[in-house]
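Chemist: No gaps in the numbering here: position 130 of the sequence shown is 158 in my numbering, and each next residue is one more.
C-beta atoms are modelled at their ideal positions from N, C-alpha and C, and glycine is treated no differently.
Here it is, the structure, as structure tokens.
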Amino acid sequence: MLLKVINDQKATCYAVAFDTKAPTFRHKMADTYKAQRPPTPPELIDQFGRVKQLVEAFNIPIYELDGFEADDVIGALSRQATRQGIDTLIVTGDADSMQLVSPTVTVLSPKKSFSDTMIYDEAAVKERYHIEPRQIADYKALVGDPSDNIPGVRGIGEKTAVKLLQEFGSIDGIYANLAKVTPPRIQTIMR
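Below you can see the structure in the form of structure tokens.
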């Protein structure tokens, strides 16, 4: 994938982020965070060293920070780049990164494989999720995220979450207008 990105995207700067073995602030907030995931297979762990060697051979900086996931580091780097007027392309298979999409940040994500990819700009995120990129975190809070073992709001599924966010903009907007939320059972759920 790295070689494909280098050949196809012709970027002027690159950076790679890795998770560390240290628990993140999310693990400290909820001991159930990612608790259902099986341990990383040893043969995959062995490959990380080789991947880092490859990245270093291309003279690409590697970023890792104990207490944070690689996704957090990528988010911070993309925000810094935006402040400096630099357009950013995030290459990841993690759909959580869609919340970072902005006029200066896009996400290249595999569809079925790394040879079949799509670049998500704001319009593509809206087409896929029916909400704005800035609403993705609130959407995940409402529906949950099984891959990270994060529960959502019981009784609120994907369609209801999208409808609420389209109408009220955010979770704060939902609570500010709770009396207007329909059907009334959602008001009860959200209390």
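Count the other C-beta atoms from every protein chain shown that fall within 10 angstroms of the C-beta of VAL153, then say buried if there are 16 or more, exposed otherwise.
Modeler: With 16 or more Cβ atoms within 10 Å of its Cβ, VAL153 is classed as buried.
Chemist: Thinking ILE118 and VAL133 are a contact (beta carbons under 8 Å), I'd like their distance in whole angstroms, please.
Modeler: Between VAL133 and ILE118 the Cβ distance is about 7 Å, and since that is below 8 Å, they are a contact.
Chemist: What residue range is occupied by the uninterrupted beta strand (DSSP E) comprising LEU145?
Modeler: The sequence shown places Thr at residue 145, rather than the Leu named in the question. Its beta strand (DSSP E) spans residues 144-148.
Chemist: Give me the residue from GLU160, GLY172, SER137, ALA189 with the minimum Cα distance to LYS32.
Modeler: LYS32 has its Cα closest to that of SER137, out of GLU160, GLY172, SER137, ALA189.
Chemist: For ALA45, count neighbouring Cβ atoms within 10 angstroms of its own Cβ and tell me buried if that reaches 16, exposed if not.
Modeler: The residue in question, ALA45, is buried, as its Cβ has 16 or more Cβ neighbours within 10 Å.
Chemist: Looking at ARG54: is its Cβ nearer than 9 Å to the Cβ of ASP200?
Modeler: Against a cut-off of 9 Å, the Cβ pair of ASP200 and ARG54 comes out as no contact.
Chemist: Taking a contact to mean a Cβ-Cβ separation below 9 Å, would you say GLU150 touches SER130 in this structure?
Modeler: Cβ atoms of GLU150 and SER130: closer than 9 Å.
Chemist: What is the C-beta distance between ALA39 and PRO89, in whole angstroms, given that I count them as a contact (C-beta under 8 Å)?
Modeler: Going by Cβ atoms, the distance from ALA39 to PRO89 rounds to 13 Å, so no, they are not a contact pair.
Chemist: Just tell me which of PRO179, MET146, PHE196, PRO70 has its CA closest to the CA of GLN163.
Modeler: Ranking the options by Cα distance to GLN163, first place goes to PHE196.
Chemist: Name the one or two DSSP bridge partners that SER141 has.
Modeler: In the DSSP output, where bridge partners are listed per residue, SER141 has ASP144.
Chemist: For a quick check, are the C-beta atoms of LEU30 and LEU82 less than 9 Å apart?
Modeler: Contact flag set, yes.
Chemist: Among HIS158, ALA98, ASP166, which one has its Cα closest to the Cα of LYS49?
Modeler: When only C-alpha atoms are compared, the closest one is ALA98.
Chemist: In whole angstroms, what separates the C-alpha of ARG156 from that of THR120?
Modeler: Distance between the alpha carbons of ARG156 and THR120 is about 17 Å.
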